[in-house]
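S.K.:
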Amino acid sequence: MIQKILVANRGEIAIRVIRACHELGITTVAVYSDIDRLAQHVQLADEAYNIGPAPASESYLRGDNIIEVAKKSSADAIHPGYGFLSENPDFAREVENSGLIWIGPPPDAITSMGSKTEARAIMMKAGVPVVPGTPEGVEDDQEAKRLANEIGYPVLIKAAMGGGGKGMRVVSRESDLADSLEGARRESMSAFGSPIIYLEKFIERSRHIEFQVFADNYGNVVHFGERECSIQRRHQKVVEEAPSPVMTPELRSEMGEAAVAAAKACGYRNAGTVEFIVDQDRKYYFLEMNTRLQVEHPVTEMVTGVDLCKLQIRVASGEKLPYTQQDIKISGHAIEVRLYSEDSLNNFLPTTGRVRYLKPPDGFGIREDSGLREGGEISIHYDPMISKLIAWDHDREGAIKRMKRALNEYHITGVRTTIPFGLFVMENESFRKGDFDTSFVEREFDVNMLLEQEKSWEKIAALAAAWKRHEAVSNGNGTASNNSTKAINNEPGKGWKMLGREAGLR
Amino acid sequence: MIQKILVANRGEIAIRVIRACHELGITTVAVYSDIDRLAQHVQLADEAYNIGPAPASESYLRGDNIIEVAKKSSADAIHPGYGFLSENPDFAREVENSGLIWIGPPPDAITSMGSKTEARAIMMKAGVPVVPGTPEGVEDDQEAKRLANEIGYPVLIKAAMGGGGKGMRVVSRESDLADSLEGARRESMSAFGSPIIYLEKFIERSRHIEFQVFADNYGNVVHFGERECSIQRRHQKVVEEAPSPVMTPELRSEMGEAAVAAAKACGYRNAGTVEFIVDQDRKYYFLEMNTRLQVEHPVTEMVTGVDLCKLQIRVASGEKLPYTQQDIKISGHAIEVRLYSEDSLNNFLPTTGRVRYLKPPDGFGIREDSGLREGGEISIHYDPMISKLIAWDHDREGAIKRMKRALNEYHITGVRTTIPFGLFVMENESFRKGDFDTSFVEREFDVNMLLEQEKSWEKIAALAAAWKRHEAVSNGNGTASNNSTKAINNEPGKGWKMLGREAGLR
Amino acid sequence: MNNKNYSSDFHGESGYKVEINGNTYEVSFDNGKNIVQINGDPVNLDICLEQEPDLYSVIVDGKSVLIAIEDNGAPGNYHVHTSGYDFETEVITAREAQLREFIHGADSGKKESIIKAPMPGLIVKYILNEGDEVQPGQGVIIMEAMKMENEIKAPTAGSISHFHVKEGDAVEKGQPLFEINN
Amino acid sequence: MNNKNYSSDFHGESGYKVEINGNTYEVSFDNGKNIVQINGDPVNLDICLEQEPDLYSVIVDGKSVLIAIEDNGAPGNYHVHTSGYDFETEVITAREAQLREFIHGADSGKKESIIKAPMPGLIVKYILNEGDEVQPGQGVIIMEAMKMENEIKAPTAGSISHFHVKEGDAVEKGQPLFEINN
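Protein chains in written order, with this note's numbering: chain A, 95 to 600; chain B, 95 to 600; chain C, 450 to 631; chain D, 450 to 631.
#1: Who pairs with threonine 211 of chain B in a beta bridge, going by DSSP?
#2: Suppose you measure from the CA of asparagine 630 of chain D to the CA of glutamate 281 of chain B; what does that come to, to the nearest Å?
#3: What residues from the segment 446-463 of chain A come within 7 angstroms of chain B, judged by C-beta to C-beta, listed N to C?
#4: By a C-beta neighbour count over all protein chains shown, 10 Å radius and 16 as the cutoff for buried, is serine 618 of chain A buried or exposed?
#5: Pull the bridge partners of glycine 464 of chain D from the DSSP assignment, please.
#6: Across which residues does DSSP place cysteine 497 of chain C in a beta bridge pair?
#7: Identify every residue that forms a DSSP beta bridge with glycine 447 of chain B.
#8: Chain A beta carbons: is any one of them nearer than 9 angstroms to that of threonine 542 of chain C?
#9: With H, G and I counted as helix, E and B as strand and the rest as coil, what does DSSP make of alanine 597 of chain A?
#10: Could you tell me the distance, in whole angstroms, from the CA atom of arginine 526 of chain A to the CA atom of glutamate 413 of chain B?
#11: In the segment 484-543 of chain B, which residue ranges form an unbroken beta strand (DSSP E) of at least 3 residues, counting only runs that do not cross its ends?
#12: Pull up the DSSP beta-bridge partners for isoleucine 564 of chain C, would you.
#13: With a CB to CB cut of under 6 angstroms and the five nearest residues on each side skipped, what residues in its chain are close to lysine 260 of chain A?
#14: Can you list, in chain order, the residues of its chain whose CB lies under 8 angstroms from that of alanine 242 of chain A, leaving out five sequence neighbours each side?
#15: When the Cα atoms are used, what is the spatial distance from glutamate 579 of chain D to phenylalanine 612 of chain D?
#16: Any chance the segment 309-318 of chain A sits against the segment 353-366 of chain A, with 3 or more Cβ pairs inside 8 angstroms?
#17: If I measure Cβ to Cβ from proline 514 of chain B and keep anything under 6 angstroms in the same chain, skipping five residues before and after, which residues do I get?
#18: Give me the chain A residues within the contact set of phenylalanine 478 of chain C, using Cβ-Cβ distance strictly less than 7 angstroms, ordered along the chain.
#19: Consult DSSP for histidine 427 of chain B and reduce its assignment to one of helix, strand or coil.
#20: Given a cut-off of 9 angstroms, decide if glycine 157 of chain A and aspartate 128 of chain A are closer than it, judged by their beta-carbon atoms.
#21: Over what stretch of residues does the alpha helix (DSSP H) that includes aspartate 235 of chain B continue unbroken?
#22: Please list the residues of the segment 509-541 of chain D that have a C-beta atom closer than 7 angstroms to any C-beta atom in chain A, keeping them in chain order.
#23: Which of the three DSSP states is assigned to serine 557 of chain D in this structure?
#24: Which whole-angstrom value describes the C-beta separation of methionine 262 of chain B and alanine 253 of chain B, a residue pair presumed to lie in contact below a C-beta threshold of 8 angstroms?
#25: Could you check which residue in D:Gly511, D:Phe536, D:Ala517, D:Val589 has the C-alpha nearest to that of tyrosine 451 of chain B?
#26: So what does DSSP say about glutamine 419 of chain A, is it helix, strand or coil?
#27: Return yes when the Cβ of valine 163 of chain B is within less than 9 angstroms of the Cβ of valine 123 of chain B, no when it is not.
#28: Could you tell me the alpha carbon to alpha carbon distance between asparagine 577 of chain A and glycine 522 of chain C, rounded to whole angstroms?
#29: Give the residues of chain C in contact with serine 206 of chain B, contact being defined as C-beta atoms less than 9 angstroms apart.
#30: In chain B, which residues lie with their C-beta within 8 angstroms of the C-beta of histidine 427 of chain A?
#31: Using a threshold of 9 angstroms, state whether the C-beta atoms of serine 167 of chain A and leucine 100 of chain A are closer than that.
#32: Near asparagine 530 of chain C, what residues of its chain come up, given a Cβ to Cβ distance below 6 angstroms and the 5 sequence neighbours on each side ignored?
#33: Among B:Ile204, B:Glu212, B:Ile407, B:Cys115, which has the Cα closest to the Cα of aspartate 140 of chain B?
#34: For histidine 613 of chain C, list the residues DSSP reports as bridge partners.
#35: If we define contact as Cβ-Cβ less than 9 angstroms, is aspartate 184 of chain B a contact residue for chain C?
#36: Comparing the C-beta of tyrosine 504 of chain A with each C-beta of chain C, is any distance below 9 angstroms?
Structural data, given as C-alpha cells:
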C-alpha cells in the first residue's frame, strides 16, 4: 500500500488530493514555487519543499526537480492533479522509471489522447461517433481554406495538443479564417508549446456532455454517469452539473457504453473523462478524452457518493474497482460554479491582487474546494480559477436555489471574481428551465444586467464612503487617509452608540 | 406563503435557519443583544435589530421585545431555533395570538412534553415503554430516599423542567443522595427556574438513541430514522451519528412506530425528537420528547438528503408533508462532532475569549454549521457550543476517517475547543467498533492520552517561541515584546531567506 | 441626482459630496444621532468595525450588509466593496466642493481618459490605430495574460489619441495603455 | 533535558532557554543559515508570517505546521498554539539565564502555586478547606459558569494555604482562587 504521496500541483486541486490522502491515512508531500511559500496547499500538507521560481516552467513543470523531491522525501507515488504535468506522458514515464507509482493513466494512453487528431482516429476505429473534421494537423493556410470549405462553415479551429479552450476559435466565414488561424496558432504555441491546429465542423447550439470513466489494472471499466458542461465563456467551462437536464436513462446507458468503449480502445487505466458534444437532435459525437481528474469531478462525487480522488489512489495502488456498473446510482442533483479571479463586469478580464477578506458560505448541501486564504496573493503566474463552489440537493431546482444562496453569502474582497456572473446564471430563465447550449453566454449574458445589480448598491456604498471620510475629518485627519481604524477606537463621536460599545469591548 | 421570518436566536442555529429561509426565497430578520452586534447571524440576515443587553434574560428570552421587532419589521413568522424560547409554550402562544406564524409545535404539546413527568404519563398511556421511575416531582428528601430504594440504585435525579444534562445526577448509593439532590435542585433552579426534580432508574451501559419525527397539520406523521447520541460528557451530547451502529431494520421500524405513536399521543405538529434509552438487550424506553429542531439534526439531513429546517417552514406555512414513510431512505453514514469552547485537557472547563485565527476544514462530505468568525468573542453569556462539524461517507468507517481528517485540518486559536477530544473519540477502538454506551467518556477517556499528544508538539512550540524572541533581540527589541511583526518586515537577517522573500512580496 | 443641494446643512461642517460611477450623492451627518441625510432622505446608519483594518458591518434602516472601505491612495478616495460589487469613490467636503467649483468653474467640454492595464501581461497586438474612432466596448488592444488573449476595450466613445505601449511590451497592472479623446 | 548545555554557542549572542510545561529547551541560532540547534540537534527552520499579526507558516526539516506565537504580556513570554494545543512559554537569553542563576542560586525547596479562575463565574462552594492536603486532580472549589457547575481542581499535590475568594463571590477570568503550598 502507498504510504506517502507527493502532490505535483498547487491550488484547490492540490488540496483536494491532500484531503483524499489524509482520509486514507497517507502522508502528503507538497511542492511549491517561491511565491507559493504561504499557499494553502503548503499548509495543509504534512511536508513541503520548494521547487523553484514562480514561473510554472521553472517550478511546477520541472518534472526532474519534482521527482528528486519525491525521492528525497521517500514518497511512494506522485499525484499530478490537473494541468501542469498531469497529461505529460514523458513525465509519467519518468515517474514510473524512477520506481514511483504514477497516479494516472498509462503514458501511452496519455500520448494517444493528447493528440486530438490521433484520439479521433482511435475512436472512429472503435466505432465511437466523432465530429466531422480534418484527420490531422493543418499547417498551410490555403489547405486550411480548402478543408474549411469542404467541412462547411462555421468551423472550429482547435489546438491539436490543446485543452481548456486555449487556442480555440470559431470561424463563421472564409474572410475571418486567416486572422483566426494566426491567433489560434499563437495561443496554442504559448499554452502547449506547439502551433499545430486542426479543423472541426462547428456544431451550432450543441451541448457539451462528458462521461466520467474509471478503469482498474484488471480490465474492469465503469462509468459514473455524465456531467453537463455547456455553460462556457471563451470555450472554458464555468458552470457544470450532474446529471444533465437533457439526459434520459436510455441515452445515459448508450453514451456511457460508448465512453467505456473509448476507454478500452486506448488501453486506459485510472480516472478519465470522455467528452461528447450533443446536438439538438441528441446525436452525440466524441470530442476528446481527458486523461486526468477533471476540474468538475465534484458534481459526480456529490450525486454518486463516490470519492473519485480516493478511488484514483486505490486503483493506482493495485486495488480492484469496488463497483460494477450496476452499483453506481445517481442520487439528487449537483451544480458547480467555478470562481475565477476575473471581472464579470468587464469582459471577464483576469484580475490579480491580494485576498483581503474571505468569508465563504457553508451549510447543508454546500461544498467548497478552494485554494484561497485571507491575505493570499492571486498572481499572473497561474490559472485564474481560484475556487469551486458546489451545491447539492434532491432536485435541480433545489440545487439552483441552494447555489444562489451560497453565492449571495460569499464575501471576498481584494480580487474581483465571477460570483456576480454565477448569480446571473442561477437566475437566468433558460438556465433554470435547462434549455441552453454552449452558446449560452453569447446569447443570454448581457453585462447591463450586472451593472443594474451594481447600481442597486451604489447608494449604500456612497453612504459608507462618506462616513469613512467623516470619521477621518472628525478625528482631525481629514486629509491623512490611513488611520481611520484608529479613529474608530478613539471615541467615535457620541452619535455612534454601537461603535462606542464595540470599542469598549476591545 | 411566508415572506419574512424573524429568527429568535443567535449562533449557529440562527445561521442554519437563515440559510433555509434564503433557499426558500424568504427574507430574514435577525435579533441581537448588545454584545452580538457583530455576530455572524447579524451579518448573514437581511435585516437585524437590537433587542437588549447581553444577558439572555434581557434579550433572547425577552419574548415581548422579539414580537415587537417582528411586527415592526413586518415579519410573518417566528422561528425559535433551539434553546432560549424554543420550548416556551407561553411564548409560542403569544406569537400565535399576535397573528404571527409559530414555526414549531402547538403550545399544548410543548407544555405536555416540557414536564418530563407528564410526558412519561402520556407515553405510558399510549403504550410506549418508559423507564421505571417516580410518576411526579419529588420534594422531600425522605420521600426521595424511600422512592430511590424502591426503584433500586443506581438512580438518576433529573430536573422535571430540564434538558441538556443540566440538573442531572447519577446516584450509586444512599449516602450520596442528599448532596446530589441539593446540587441538582440548585442547578435546575438556575437553569430552568424550577427546583422540581424526579427520580428514574439509572440503566447502566445503555445507549441514547432518538428518532426524528415530523407531523403536518393534516394528521400525517413520519419519522426520519434514528440518531445515536451516546457519546456524552456531563450528560451532554458531544458526538452524534446516523444511523446507529446497533440498529437493525426491524428495530428501526419498531422504534420508529413507537416514536410516531408518541408524537400522535401529544397532538404533535412540525419537527420533534423522541428520545429513547436502549439497554444491552436492545430493549428501549421512552426518555423524553424534544419539541424543537435538535442540535444534532444535521446527521439526519446528511443520510436522508432532506433539509429538515426548510421542511419545518413549509409545514408551518400549511404545506402537506411531501413524504410518506416509504419515501424516506437512509443512505450512507453521518457523524457530528460538537465543538465547545471548553478545554479538553482540563476537565472540559468552559473557556472564553476572542477567536484570533479561524481556518475551518472543507471538501467532499464535510459540512460545518458554525457561528464563529475571526475576531468573534466567545462570552460567558451564552452556550459554549460554538460550532458543529459533520462528516458523511458511504459507510461508518469512511465517515470516521473523514471526520478525523477534518478535525486535524481545523485551525482555531484564541479559545480552546473540544477538537482534541473529538480526535480522541475518532481514534478510540471501542468507538470505531461501535461498541460503546453513555458511559463512554467515563470509561474510555483518559486526559493523559491528550497530554501525550500535546507533548509531541512541545519541541516545535519551543523552537517557535525561541525564534520569536530571537527576532525581537536581533531587531534591538529584546525586552519590548510587541513589534515582532515589524521585525519580520524589516530585513529579518540574512539567514531567513524565505522570510526575506515574503517581505519582498508584501 | 447631479449637484442639487438636498440637505440644508450640506454647506456645514458635516456635509460631503460622494462621486461614484459618475453619479453624485450628498451626505450629511448630524453628530449626536444615528440619522444621516443622503440626497435629502434621512436614514438610520449603524456602522461597526467587523474585522481589522477596514471591514464593517453596516445596518442601514435595519438592512444588514458587510462593507469593506479601503483607502485608495489620495485623500477622500475610497475603494468600497459590498455584496460582490466594487466601487471607486471620491468624497469631498462641502468646503472642498466650493473650492473646486471656484477653480474649475470655467472648465468644461473635452476630456481625455487614460485606459490602464487591468492586469500584468504582454501587449500582443493593436487592433486599432492612433486617430481611430471608437465606440464603447470596442476592442483596442490584445493583451496576453494567464495564457489567454484578452481584448482591452474602450470604456467610452471618442478617438484614440495616444498609445503608451507598443506591441511586444510587458506591462504591469495599472500601467497606462492608451488615451481616448472625447 | 534540564539545564545541560548541549550547544557550544549557547552562551553566545544567539542562545536561548525555553521553559515550557516544566521542561527546558536550549535553542541557538546561527545568523546566516537556516540551521538552528535545539538541545544540540540541528534542524532546518523556515518561518514565514502567514497572517497578521502573529500566525506563522513553519517548515521544520520539511514538516509543515501552522503556529500562532502571541506575546503574553511579560517580555519573553509567549502563548504558542499549534495543531490544537496551547503552550505557555518563557524564553530567556543566555545572559538572562546566568543572571537568574546568580540571583536565585540559593533558592530551592518549597513553592507556592496560585490557582486562577479559568473563566468568569460564581463561586458556589468550597469542597476542601484551608490546610487540607490535596492530590493532583482533586476538586477544591465548585464554580458556576455558563449555567453549569464545574469543579476547580488542584493541579499539584500539597496543602491549601489560602483562599482568595469566598462562597457567593463573582470572579473574573484570571482572578486568584486559592494557593497550594508544596
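Ideal Cβ placement from N, Cα and C applies to all residues, glycine included.
M.R.: Considering the structure as presented:
#1: Answer is none; threonine 211 of chain B lacks a bridge partner.
#2: The alpha-carbon separation between asparagine 630 of chain D and glutamate 281 of chain B amounts to approximately 32 angstroms.
#3: Flagged, chain order: Asp456, Gly457, Phe458, Arg461, Glu462, Asp463.
#4: Residue numbering for chain A in the displayed model covers 95 to 600; residue 618 of chain A lies beyond these limits and cannot be assessed.
#5: In DSSP, glycine 464 of chain D forms a bridge with D:Ser477.
#6: For cysteine 497 of chain C, the pairing in a beta bridge is given by DSSP as C:Ser506.
#7: Paired residues: B:Ile472.
#8: At a cut-off of 9 angstroms, the C-beta of threonine 542 of chain C has a neighbouring C-beta in chain A.
#9: Residue placement at alanine 597 of chain A cannot be trusted, given a pLDDT of 34 that sits under 50; what the coordinates show is reported in the next sentence. Helix, per DSSP.
#10: Glutamate 413 of chain B has its alpha-carbon roughly 24 angstroms from the corresponding atom of arginine 526 of chain A.
#11: Runs found: 505-507.
#12: Assignment of beta-bridge partners to isoleucine 564 of chain C by DSSP yields C:Phe627.
#13: Here the set comprises Glu281, Ala285.
#14: For alanine 242 of chain A, where only same-chain residues beyond five positions count, the Cβ hits under 8 angstroms are Val249, Val265, Glu268, Leu271, Leu293.
#15: Those two C-alpha atoms are separated by around 7 angstroms.
#16: Yes: at least three Cβ pairs fall under 8 angstroms.
#17: Answer for proline 514 of chain B: Ser438, Leu544, listed in chain order.
#18: Neighbours of phenylalanine 478 of chain C across chain A, judged by C-beta separation under 7 angstroms: His564.
#19: Strand.
#20: No, the Cβ-Cβ distance between aspartate 128 of chain A and glycine 157 of chain A is not below 9 angstroms.
#21: Aspartate 235 of chain B -> alpha helix (DSSP H) spans 235-245.
#22: Listed by position along the chain: Gly511, Lys512, Ser513, Leu515.
#23: Unreliable placement is indicated for serine 557 of chain D, whose pLDDT of 47 sits below 50; the coordinate value is still reported in the next sentence. The answer is coil: DSSP assigns serine 557 of chain D none of H, G, I, E or B.
#24: About 7 angstroms; that satisfies the 8 angstroms criterion.
#25: Between tyrosine 451 of chain B and the set D:Gly511, D:Phe536, D:Ala517, D:Val589, the nearest pair of CA atoms involves D:Ala517.
#26: Glutamine 419 of chain A carries a helical assignment under DSSP once its states are collapsed to helix, strand and coil.
#27: The Cβ atoms of valine 123 of chain B and valine 163 of chain B sit closer than 9 angstroms to each other.
#28: Interpretation of asparagine 577 of chain A is limited by its pLDDT of 35, a score under 50 that renders its predicted location unreliable; no figure is taken from the coordinates.
#29: In chain order: nothing, as chain C lies at least about 37 angstroms away.
#30: Identification of chain B residues near histidine 427 of chain A by a Cβ-Cβ cut-off of 8 angstroms yields none; the smallest Cβ-Cβ distance measures about 11 angstroms.
#31: Against a cut-off of 9 angstroms, the Cβ pair of leucine 100 of chain A and serine 167 of chain A comes out as a contact.
#32: Checking the sequence, you will find histidine at residue 530 of chain C rather than asparagine. Answer for histidine 530 of chain C: Ala517, listed in chain order.
#33: Checking every option, the nearest Cα to that of aspartate 140 of chain B belongs to B:Cys115.
#34: The partner list for histidine 613 of chain C (beta bridge, DSSP) is empty, contrary to what the question assumes.
#35: Answer no: the Cβ-Cβ gap between aspartate 184 of chain B and chain C never drops below 9 angstroms.
#36: A Cβ of chain C is located within less than 9 angstroms of the beta carbon of tyrosine 504 of chain A.
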